[in-house]
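J.:
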Amino acid sequence: MRRTLLLLLLCWFSQANAAPLELSTLGQSATKGKYDPADTARPGVCIEIIQALMHVDPDLKISGQNQLKPLPEVEAALTEGRIDLFVGLIRTPEREAKFDFLEPKVFSFQHKIAVKAADKGLKIASFDDLRKLDGTIATTQGTAYVAFLEKQGGLKIDAGSKDPASILKKLTLGVNNVRFYYQADLNLIDYIAEANLKDLVVILPHSFKDDAQYLAVSKQLAAPARKRLVAALEKLDKSGELKRIYARYVPD
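This note's numbering numbers the first residue of the sequence shown as -15 and each following residue consecutively.
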């Protein structure tokens, strides 16, 4: 009798775990390395991760990733429970007050610098090396990169533009003595390719900081749905698929 009851419970749990689950999300605009639904061959790291989640859990359906919105709108929708999840957010105390983050992480950005091809031989392995060189470091206005660079002290920083193309123009022309462009590796690769500057601008190998990116969920999302997502993430992490997806966009 006990064995029969146990078998019934296992059967019920298996069926419950495999029940269809439909969740909603959004994509992030102006970040083709993460979300580029128009390019079916390379739709972006985050879209590929969403596809992989649905592959390892065939009864999980996630929709909305092709609808691109600015990040503040995405965060507002997640905070208000208008979407269930979002793939690709840095975990901060401010964000943790508004929504939750699931482990394991999905990938990590590396903070790197781009330079003109003529400077590709520079040996830079620390902020001290940058301080010793004559040149301004450009980064994106209104981002966490600005505060991080200011915190280092002794650096000449140009954060006067939000537009990557404008920053790359400053770099290639030496406007305001800009000699370095500080950004996440995935973003730099995307911006340089989009500006068709692969022959003129290179990314140096040193990583100044790693920023882990997570799958964030609405605080209103039910526990069973969270468990399904965590189980799928763990499968992708243990199989190495998360690393393989990121490596397609940011090769070693």
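Backbone N, C-alpha and C define an ideal beta-carbon position, used for all residues, glycine too.
For clarity, every value in this text was computed on a predicted model and none was experimentally measured.
May I have the straight-line CA-CA distance separating Leu73 from Gly158, to the nearest angstrom?
T.: So the alpha carbons of these two residues sit roughly 33 Å apart.
J.: Please return the same chain residues whose Cβ sits closer than 7 Å to the Cβ of Ser8, not counting the five positions on each side in sequence.
T.: Contacts found: Ser47, Gly48, Ile67, Asp68.
J.: Note down the Cα distance separating Phe83 from Gly105, rounded to an integer number of angstroms.
T.: Cα to Cα, the separation comes out at about 43 Å.
J.: Got a sec? Which residues, its chain only, sit under 8 Å from Ile176 by beta carbon, not counting five neighbours each side?
T.: Excluding sequence neighbours, Ile176 sits near Ala98, Leu152, Lys182, Val185, Ile187.
J.: Using DSSP with H/G/I as helix, E/B as strand and the rest coil, what is Ile97?
T.: The answer is strand: DSSP assigns Ile97 an E or B state.
J.: Looking only at its chain, what residues have a beta carbon closer than 8 Å to the beta carbon of Ala109, apart from the 5 residues adjacent to it on each side?
T.: Closer than 8 Å at Cβ, skipping near neighbours: His190.
J.: Confirm, please, whether the CB-CB distance from Leu213 to Val201 is below 8 Å.
T.: The answer is yes: Cβ separation under 8 Å.
J.: Alpha carbons only, please: which of Thr124, Gln204, Thr120, Lys211 is nearest the one belonging to Glu64?
T.: The option with the nearest alpha carbon to Glu64 is Gln204.
J.: Taking the beta strand (DSSP E) that Tyr165 belongs to, which residues open and close that run?
T.: From DSSP, the beta strand (DSSP E) with Tyr165 extends over 162 to 168.
J.: Give the secondary structure of Ser202 by DSSP, where H, G and I count as helix, E and B as strand, and everything else as coil.
T.: Looking at Ser202 - three-state DSSP - the assignment turns out to be strand.
J.: By DSSP's criteria, Glu260 is part of a beta bridge. Which residues make up the other side?
T.: Past the boundaries of the shown model lies residue 260; the chain is included only from -15 to 236, so the question cannot be answered.
J.: By the DSSP assignment, the beta strand (DSSP E) with Leu73 in it spans what residues?
T.: 69 to 74 is the span of the beta strand (DSSP E), which, as asked, contains Leu73.
J.: Check Trp(-4) in the structure and name its three-state DSSP category.
T.: Since pLDDT at Trp(-4) reaches only 46, below the 50 mark, its modelled position is unreliable, and the value read off the structure follows with that caveat. Three-state result, Trp(-4): helix.
J.: In three-state terms, what does DSSP make of Phe192?
T.: Coil at Phe192, not helix or strand.
J.: Looking only at its own chain, which residues have a Cβ that is under 8 Å from the Cβ of Glu178, when we skip the five neighbours before and after it?
T.: Counting only Cβ-Cβ distances below 8 Å, and skipping sequence neighbours, we find Lys16, Pro148, Ala149.
J.: Whole angstroms are fine: how far does the CA of Leu217 sit from the CA of Pro88?
T.: Roughly 7 Å between the two C-alpha positions.
J.: Along the chain, where does the beta strand (DSSP E) that runs through Ile108 open and close?
T.: Unbroken run through Ile108: none, as it is neither H nor E.
J.: Does DSSP classify Glu225 as helix, strand or coil?
T.: Note: Glu225 maps to helix in three-state DSSP.
J.: In this structure, does DSSP put Ser291 in helix, strand or coil?
T.: The question about residue 291 has no answer here: the residues shown for the chain are numbered -15 through 236.
J.: DSSP state of Gln125, grouped into three classes?
T.: Looking at Gln125 - three-state DSSP - the assignment turns out to be coil, as it is neither helix nor strand.
J.: Between Leu75 and the rest of its own chain, which residues show a CB-CB distance below 6 Å, the 5 nearest in sequence each way excluded?
T.: Here residue 75 is Arg; the residue named in the question, Leu, does not match the sequence. These residues qualify, in order along the chain: Phe85, Tyr198.
J.: For the beta strand (DSSP E) that Ala61 lies in, which residues bound it at each end?
T.: No beta strand (DSSP E) holds Ala61; the alpha helix (DSSP H) holding it covers 55 to 63.
J.: Are His95 and Tyr166 close, meaning C-beta to C-beta below 8 Å?
T.: Yes; because the gap between Cβ atoms is below 8 Å, this pair is in contact.
J.: List the endpoints of the continuous alpha helix (DSSP H) containing Val40.
T.: First-last of the alpha helix (DSSP H) with Val40: 29 to 40.
J.: Assuming Leu139 contacts Leu114 (C-beta within less than 8 Å), just tell me the rounded distance between them.
T.: Indeed, because the Cβ distance is near 6 Å, the residues count as touching under 8 Å.
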